[in-house]
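Quick note: to get the working numbering, add 819 to the position in the sequence shown (first position is 1).
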Amino acid sequence: MPGLAIITEACIDVKDRACVDVCPVQCIYEFNLDNNALYSEVEAGSGVTENTHQPNPAAIGVFEDSILYVNTDECTSCTACYQPDVCPVGAIYSEEHVPDGSSKSHYNPKDPNKGHDHTFFIQHSRDVFAD
Ligand code: SF4
Ligand code: SF4
Numbered sequence: 820m821p822g823l824a825i826i827t828e829a830c831i832d833v834k835d836r837a838c839v840d841v842c843p844v845q846c847i848y849e850f851n852l853d854n855n856a857l858y859s860e861v862e863a864g865s866g867v868t869e870n871t872h873q874p875n876p877a878a879i880g881v882f883e884d885s886i887l888y889v890n891t892d893e894c895t896s897c898t899a900c901y902q903p904d905v906c907p908v909g910a911i912y913s914e915e916h917v918p919d920g921s922s923k924s925h926y927n928p929k930d931p932n933k934g935h936d937h938t939f940f941i942q943h944s945r946d947v948f949a950d
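Structure (structure tokens):
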């Protein structure tokens, strides 16, 4: 579906949850190492869990809790999280605009990883959710 949100590498170790604050369906997840579950909150930082999912061990092991993950089955393509003023590091793209590292790629202006191929994250976002 066009417009699904994909979080890419600039989020690693930033995780400020600005995208979580604007998502109307709580489909952006954090990984809790303590109970080995992906969870989303009713409101970012509220401590009140909205949804949980089980992670795929191999996929979650790549970045563990250093990055956030969009559940692409739940994302409604509302476009809110990848508006230019939301993510401070330009980590979120709509699926069809994830840069492939080619000279024709359009990177978010704030994405520090210009020139990198980010398409890995399209499949990885799906692989992380085991259920
Ligand atoms: S707004 Fe950007 S850096 Fe912050 S958690 Fe979301 S994807 Fe990560
Ligand atoms: S596009 Fe909308 S529904 Fe999808 S993750 Fe972003 S804010 Fe949430």
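Using N, Cα and C, we set each Cβ at its ideal position, and we do this for glycine too.
For residue j and residue i, believed in contact at Cβ under 8 angstroms, the rounded distance
i           : j           : result
residue 913 : residue 822 : 5 angstroms
residue 910 : residue 826 : 6 angstroms
residue 871 : residue 888 : Going by Cβ atoms, the distance from residue 871 to residue 888 rounds to 13 angstroms, so no, they are not a contact pair.
residue 931 : residue 908 : 7 angstroms
Candidates the options: closest to residue i by CA position
i           : options               : result
residue 905 : 875, 860 and 927      : 927
residue 937 : 948, 919 and 851      : 919
residue 846 : 883, 861 and 875      : 861
residue 944 : 833, 851, 886 and 934 : 886
residue 901 : 929, 892, 883 and 851 : 929
residue 849 : 915, 903, 874 and 924 : 874
According to DSSP, residues forming a beta bridge with residue i
i           : result
residue 913 : 824
residue 859 : 870
residue 851 : 856
residue 888 : 848
residue 948 : 874
residue 919 : 936
Buried versus exposed, by CB contacts within 10 Å (16 or more), residue i
i           : result
residue 865 : exposed
residue 868 : exposed
residue 839 : buried
residue 855 : exposed
Residue i: CB within 7 angstroms of a non-hydrogen atom of ligand 2
i           : result
residue 908 : no
residue 877 : no
residue 861 : no
residue 843 : yes
residue 847 : yes
residue 865 : no
Cβ-heavy atom distance, residue i to ligand 1, below 7 angstroms
i           : result
residue 884 : no
residue 929 : no
residue 835 : yes
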